[in-house]
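Worksheet: one structure, shown below.
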Amino acid sequence: AKIRGTQQPPAGPVPQPEGALQQPKERSKDEAADQPPAPEPPEPPGAAAARQPPKPLKAPESAEERFRQGVAGQMRRWLAVLDAMQQELQTPKQRTAEQTEQLLEDLRLSLQGLSETLFYISLLQAEVRVETITLVPIDLEPDEALDIARQQRLDWINARAALVDQWRQIQLAANALRSNVDVVLSGQLGTEGNDPWRFRSTTGRLRAGVQLDAPLTRLAERNLYREALIQYQRSRRSYYALEDRISQGLRLTLRSIRQSQLDFELRRMGVHVACRQVDFTRERLKRPLRPGQAFEVGTSNPTLARDLVQAYSGLLNAQDAILNAYLDYEADRLNLDLDLGAMRLDSRGMWLDPGPVRSQKAKLSLPRYEEKPPPEEIPPPEPTVEPPELPLP
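Be aware that the sequence shown starts at 6, since it is given in the numbering used here, and climbs by one per residue.
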């Protein structure tokens, strides 16, 4: 694969410097017939390897494999060229000053091309790595999140049970204020004279009556009933406050998750922009001088070095920013799992990642805690139902 903006190593035979491998001059036909053909000059090591076609590679399975194969092919070709030039320089041979200078110039250009290739590969690697980062999708509405928390959060379940218990206390206090009606029947049978065995109906008495115990005089029980009503209203307000806090926390967490998703994509684009800024600044280094302008350090472009340092610093800051955005998103996911009451830990105390949370599958993918009513007892009414009003004296 071609890397944009780089010098490509030559394909096929390795280019030799002019005059490095001189072929013999043309001879006449008679000389050619009399003398044996001159042997061809030996090829420098590595030239044959550079001419050989690359071995067929297996079909890459992913974009990362394709990128690695392309980089490996580029590096093999450049190394073959550099090895050939190095062997040529180390070979003892009579060369003129111009030939040696030309060979060194070719080597310098090859090293410069290799440096440019490595630079663009590093930029491409930074962009590819940014594109491979994915966020665990979370698509959950606040109402659905509140329903899940109502079923999962143990503190919410305990608060609801405490409210129901307080409502039952009202019934117990109301039972003590009920009126009592008693039917009373009494009698007495006496004797005549001093004979203890002489009973007569005329000397007997029979009394019958009704006794009513009204709550008018039950001051202590009436105070307990009023206290139970007050405690129930207080518990109900606390329960509603807990529900509001949970709902507000879930909405803030979901809003933070959506904001983190947008911020992460913006940071991803920021890394691409920083890579292009570095590329643009590097291209300014290769810009030719104007006619008649001499190159002097610090005078040709006094701000170029500063711009290059700022471009690299911007790339580093952009990479740090996208890493921080990713960590913030993971922290929001952990907070959402905690707010939903679905957080689970393993034996080592580590968080078990629930994975993607979808709007339709959220309730099915999480375990549910079901409240079981006591045996042989009618389930209590909803906490929002007002207690029965009893007549107060």
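For glycine and all other residues, C-beta sits at the position ideal for the given N, C-alpha and C.
Because the structure is a prediction, the values reported are computed rather than measured.
Per DSSP, reduced to three states, the secondary structure at G354 is coil, with no helix or strand assignment. Under the DSSP assignment, S240 falls in the alpha helix (DSSP H) whose first and last residues are L224 to L290. Residue burial annotation: T222 is exposed, with fewer than 16 other C-beta atoms found within 10 angstroms of its C-beta.
In terms of Cβ geometry, S352 and D144 do not form a close pair [threshold 8 angstroms].
When the Cα atoms are used, A246 and N340 turn out to be separated by approximately 20 angstroms. In this structure, DSSP gives S184 a state outside helix and strand, which the three-state scheme calls coil.
Residue environment: D344 is assigned as buried (16 or more neighbouring CB atoms within 10 Å of its CB, all protein chains considered). Here L259 is near P147, since their CB atoms are less than 8 angstroms apart.
Exposure of G354 is indicated by the presence of fewer than 16 other C-beta atoms within 10 angstroms of its C-beta. Within the same chain, no Cβ atom closer than 7 angstroms to the Cβ of L321 is found once the five residues on either side in sequence are excluded.
Counting only the Cα atoms, R212 lies some 18 angstroms from F204. Burial is judged here by how many other beta carbons sit within 10 angstroms of a residue's own beta carbon; A85 has at least 16 and is buried. In the structure shown, R134 adopts helical secondary structure according to DSSP, grouped into three states. R338 has its alpha-carbon roughly 28 angstroms from the corresponding atom of S243. Of the candidates R231, G118, D111 and D88, G118 places its Cα closest to the Cα of K291. The residue among Y237, G192 and S115 with its C-alpha nearest the C-alpha of R173 is Y237.
Relative to F269, the option among Q324, I153, S318 and N185 whose CA is nearest is Q324.
Excluding residues up to 5 positions away in sequence, S184 and N185 lie with their Cβ nearer than 7 angstroms to the Cβ of D218 in the same chain. Partner residues in the beta bridge of F204, as assigned by DSSP, are T196. Considering only L177, Q171 and Q216, the residue with the shortest C-alpha distance to V188 is Q216.
If you compare the alpha carbons of E121, E197, D88 and S127 with that of C280, the shortest gap goes to S127. For G214, the enclosing beta strand (DSSP E) covers residues R210 to D218. Membership of D144 in any alpha helix (DSSP H) is not indicated, and neither H nor E is assigned to it by DSSP. Sixteen is the threshold: when 16 or more other Cβ atoms of the shown chains lie within 10 Å of the Cβ of R273, as they do, the residue is buried. Under the 10 Å beta carbon count, I235 is surrounded by fewer than 16 other beta carbons and is classified as exposed. Separation of R289 and S120 (C-alpha to C-alpha, rounded to the nearest whole angstrom) is 16 angstroms. Per DSSP, reduced to three states, the secondary structure at S364 is coil, with no helix or strand assignment. E136 has its alpha-carbon roughly 16 angstroms from the corresponding atom of N329. Closest in C-alpha terms to E248, from the list I162, S115 and D284, comes I162.
The bridge partners DSSP lists for S191 are R212. A check of alpha carbon separations from R81 across L109, V141 and L123 identifies L123 as the nearest.
L151 and Q266 have their alpha carbons spaced roughly 21 angstroms apart.
For R155, same chain residues with a beta-carbon under 7 angstroms away, outside a window of 5 residues either side, are W161 in chain order. DSSP places G346 in the coil class of the three-state scheme, outside both helix and strand. The alpha-carbon separation between D200 and G214 amounts to approximately 32 angstroms. Listed in chain order, the non-local C-beta contacts of I251 below 6 angstroms within the same chain comprise A154, local neighbours out to five positions each way being set aside.
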